[in-house]
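Peer 1: Have a look at this one before I ask anything.
Residue numbers (UniProt numbering): 1 to 102.
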């Protein structure tokens, strides 16, 4: 799910354990201080309001963009929640049928 503030990807796992989240902030976004601040803001937004929007048994990856740094926190939590509820988890490679079979 692509958006102006971040990109979110989901992948189904074999187990039904709680959702796992990976946060990525590339060097193009800024220096280490800015990247760490973005990570902290995203982590807190996910902790505060977005856990209910993530399905068990899935891995989520959030790739942040620079605008997350200046986005008001309430807007950040709302946008994360909205995007997480819309993301369609992809089937894991183990669930795909072998090529050449019908």
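Glycine is no exception: its CB is placed at the ideal position from the N, C-alpha and C atoms.
Within the same chain, show all residues whose beta-carbon is closer than 8 Å to that of residue 43, passing over the 5 residues directly before and after it, in chain order.
Peer 2: Cβ within range, chain order: 23.
Peer 1: So within the region 7–93, which uninterrupted beta strand (DSSP E) runs reach at least 3 residues, ignoring any that extend past its ends?
Peer 2: Taking only runs of at least 3 residues, the beta strand (DSSP E) segments lying wholly in the region 7–93 are 20–24 and 58–64.
Peer 1: Tell me, to the nearest whole angstrom, how far the beta carbon of residue 10 is from that of residue 87; I am working on the premise that it is less than 8 Å.
Peer 2: 5 Å
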